Amino acid sequence: MLSNQKPSRFLSVKGVAFTAFALALLMSVTAFASGSSRFAFIDSATEFFGMHNNVTTTSVAQPLTPANVSVSLPAGPINTSNGATLVIPITVGTLTGGASPDIISYDANLDFNSSFMVPASPAFTQTGTISAGMLMTVNTSNAGHMTISGFQANPAADCCGQVLLFVRFTVVGNQGDTSPLAFADYTDPANAMHPAFNWNEGDPLPSPITNTSLQIPAATFTNTNTPTPSSTGTGTATNTSTPTNTSTATSTATNTNTPTPTPLCLQVDIDDKVTTTGSNVFLSVTTTDTTSKGAFSVDTHITYDPSMLQLDTAFPGSQLGVTLGAVGSSNSSNMLVTNPSSGLLIVSLFSVNPFVGAGSLVDLHFIALGAPGSFTPVYFTPWTQPPYSSHDADGFRYNEDTPGTCVTNGSVTIAGTDTGVITYGNSILAPAPRHIPNTTVDGFGSPNVTTLSDAFGMYTLTGFGLGAYNIIPSRADVVAPNTHGTSISANDAAKIQQRVVGLPIPWNATQTFVADVTGNGQVTSDDATGVASWVVSLPSGYFQSGSWKFAPTIVTHPFVMNETDSFIGYLMGEVTGNWCDPLEFGPGQCNPFGYTVAGSRAASGPQRETTVTARNVAAAVGSEFVIPVDVAGIANKNVISYQFDLHYDASVIQPAANVVTLANTVSGRLAVVANPLTPGVLKVAVYGAYPIDASGILLNFHFNAIGEMFRTSPLTFENFMFNEGEIKTILNSGQVRLTPAVANTTAD
């Protein structure tokens, strides 16, 4: 048995934190194991971590009689209604003093009718209770049973109005249904036994244990009986010594029942509110229609957590932060408000006239103190006060409990936050790491919330309500090859092609993922073609190229407190790992080679420049002709891809059916994808597994001459790029001149 001596007060902060962590970690393993107590483990663990000042063996003539600590649920039956959320306090007696050891743990099992109510989410609230500092484990997976375990290293102390824990349920039953809510021994499907209630290892004793019950009051009906009697009587009397009376009576009664449901109770509710720290928040105590119900007065006790809510006593016209509502004012009520202890309000209304209407009886004005993500119930609190001890079980009373009431408790939630960072998942080249700005982060719940990540990929979501939220990042697909420098290029298609043919290039699992733009789980030549098709902006055929995917795709929080989430983004088709956003790094900093993509670049440094020249040609009107493009200085530079836009005069020449060919050129081992759909612009991407190894004709254009004689069309390159821009390139434009001469003659 654990020594009665408390842990040393001279333990360092780190030591205490480590002890608590270790205890929590080890204890969680057995939280719902067999019925054997985990308290013995706490004994040994406490000694192991040096939490006993000393261990002595004492001979005791007579054992101490364990003290009792009561455990109670509110007096019942508790009236409720379908769909209501119940916040039910478990209250206990004095924990400190007496002959019993300090309380550091408890185990319990609550039984209930699962067709009447089910555990809410969350299933319990420990804020503002004796259990506030405990590690809590609650199992609600077995229908009709809520199994609870709570423990901590230091002894529990009297506090919080002696509320041990709030348990929360959602009512799913119908009118007339009932349910017990009782502490009961339970053996689960794994044959583990859970006690009705156990302090420590049974010392002190949980006595007395007070259970409760709940009900949804049944409707009463007014029966309208319409009897239709039909009676025929025939009496024949013969005055003899033996009178014979003959009487025939026929009665036919037809009962027509018109049910008129009459509620047994007036529904009285406290609001649920979501607010922010430091804000003013008011909760209304509302009632259904009081007209003609003969209610002249109200008495109620309301409990709240003073560490989370502070009465706004300065609110204009209030008594201790309480003001009359519309119904409370309807009979010119007098109001008396007292605050006899921290966290308790007692409100009385009284008048010689009855209340009229439905709506607010009183409004409670608070200032929110709690941290983001915290929660506190605000609930009607039963009280015992002669001579009314049997008439105020639900914490609210009209007159002397006539008319009857059904109550629903309220709550205040301090809106939580969700912060995080979104990073790029394929940062192979410098700069690294990289973040993803302007990413939409949505929180889907009630209400929905949304935000954008900033220049460093950081985001903060606020404005959450109650209940579960799904956090989902998203970013619009990139539908054109104009994203931040080199990002997705023909070089990505070439690298995919190298991977397909098994060349020994650096490659990782992330590249496999982003290369699979077809989404079939494999990397094939189709993926390379899909990327190249995206580069030239073909309207279809590039599959998922340019789309964003995130991991994880979704994060779910049953209740948003102060959450921190991180997401990794992947740009499909960008296998070389050179994407970045200039919003983070500044204009011109996203190309790892320091070049810009648009236009040509003059030669510099010791490396010999590469020159691309479109020839000047003369073409006969009405003919199809060829324009060779020459390249010099390309050998030994490992060029496996290039891309460009060619601008021309669409009123003079038009692309032929097969507008670009690579046969018999230095690009002969590469593949080409061209997009001639925009008049005046030809987009071309060339890629492959094997590099260009010699100078010569790079490719051939095929055009039709459609203009008039002697007209000319420029041939101008734009956005030309070998690989991903690392090859210094000089571009020489060409020209087409239409003549009546034989087609395809060199003009100079």
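Heads up, the sequence shown is in the numbering used here, so the first residue is 567 and it goes up one at a time. Built from N, CA and C at the ideal position, the CB exists for glycine as well. Nothing here was measured: the structure is a model prediction, and the numbers come from that model.
For residue i, which of helix, strand or coil comes out of DSSP?
i       : result
Cys726  : helix
Asp960  : coil
Lys1115 : strand
Thr1078 : helix
Arg1303 : strand
Val893  : helix
Lys1203 : coil
Lys1061 : helix
Ala1185 : strand
Ile1258 : coil
Ile1002 : coil
Ile868  : strand
Ala641  : coil
Ser697  : helix
Val913  : strand
Val1218 : coil
Ala1021 : coil
Val888  : strand
Val733  : strand
Val973  : strand
Val1083 : coil
Val1239 : strand
Ala1056 : helix
Val738  : coil
Going by CA-CA distance only, name the one from the options that's closest to residue i.
i       : options                               : result
Val684  : Pro721, Met712, Ala937 and Met702     : Met712
Leu780  : Asn757, Ala758 and Gly739             : Gly739
Ser914  : Val1232, Gly961 and Phe881            : Gly961
Ser845  : Asp837, Val1097 and Ala937            : Ala937
Ile644  : Cys972, Pro1105, Asp871 and Val737    : Cys972
Phe1260 : Val1252, Thr1244, Ser1233 and Gly1273 : A quick correction: the sequence has Ala, not Phe, at residue 1260. Of the listed residues, the one whose Cα sits closest to Ala1260 is Ser1233.
Leu661  : Trp765, Asn1004, Val1302 and Pro997   : Trp765
Asn1036 : Thr651, Pro1013 and Asp1058           : Pro1013
Arg1065 : Ala1056, Ile1054, Ser1055 and Gln1077 : Gln1077
Pro999  : Thr706, Asp1008 and Thr989            : Thr989
Thr1006 : Gly1112, Met1024, Ser993 and Asn992   : Met1024
Trp1073 : Asp1008, Val1097 and Thr1142          : Thr1142
Ser898  : Thr904, Phe916, Asn905 and Val888     : Phe916
Gly642  : Leu1104, Trp949 and Phe1125           : Trp949
Ser1132 : Phe1116, Asp1196, Asn1230 and Val1126 : Phe1116
Gly887  : Asp1093, Phe932 and Val653            : Phe932
Ser926  : Thr889, Val1067 and Glu1290           : Thr889
Arg1181 : Leu1248, Phe1267 and Ala1222          : Phe1267
Ile670  : Val737, Asp769 and Pro1306            : Asp769
Pro1148 : Asn1004, Asp724 and Pro655            : Asn1004
Pull up the CB-CB distance for residue i and residue j, whole angstroms please, since I reckon it's below 8 Å.
i       : j       : result
Leu935  : Leu877  : So it is not a contact: roughly 11 Å between Cβ atoms.
Ile782  : Thr869  : With 8 Å as the limit, Ile782 and Thr869 do not qualify as a contact, their Cβ atoms being about 24 Å apart.
Asp865  : Arg963  : 5 Å
Ser940  : Gly891  : Between Gly891 and Ser940 the Cβ distance is about 27 Å, and since that is not below 8 Å, they are no contact.
Gly1029 : Val1015 : 5 Å
Val922  : Thr856  : 6 Å
Phe1022 : Glu1150 : 6 Å
Val1126 : Gly982  : 4 Å
Tyr1253 : Ala1098 : 6 Å
Residue i: buried (16+ other C-beta within 10 angstroms of its C-beta) or exposed?
i       : result
Leu930  : buried
Thr759  : It should be noted that the sequence gives Met, not Thr, for residue 759. Result: exposed.
Gly976  : buried
Gly1011 : buried
Pro755  : exposed
Leu1265 : buried
Ala1042 : exposed
Leu1027 : buried
Gly1112 : buried
Pro997  : exposed
Met1275 : exposed
What span of residues does the beta strand (DSSP E) with residue i cover, start to end?
i       : result
Asp835  : Leu832 to Ile836
Val704  : Leu701 to Asn705
Thr520  : The question about residue 520 has no answer here: the residues shown for the chain are numbered 567 through 1314.
Asp929  : Gly925 to Ala934
Lys1249 : Val1247 to Tyr1253
Could you tell me the boundaries of the alpha helix (DSSP H) in which residue i lies?
i       : result
Thr1095 : Ser1091 to Val1101
Pro1148 : Pro1148 to Phe1151
Any heavy atom of the ligand PLP within a distance shorter than 7 Å of the CB on residue i?
i      : result
Val635 : With respect to the ligand PLP, the structure shown offers nothing to examine, as it has no ligands at all.
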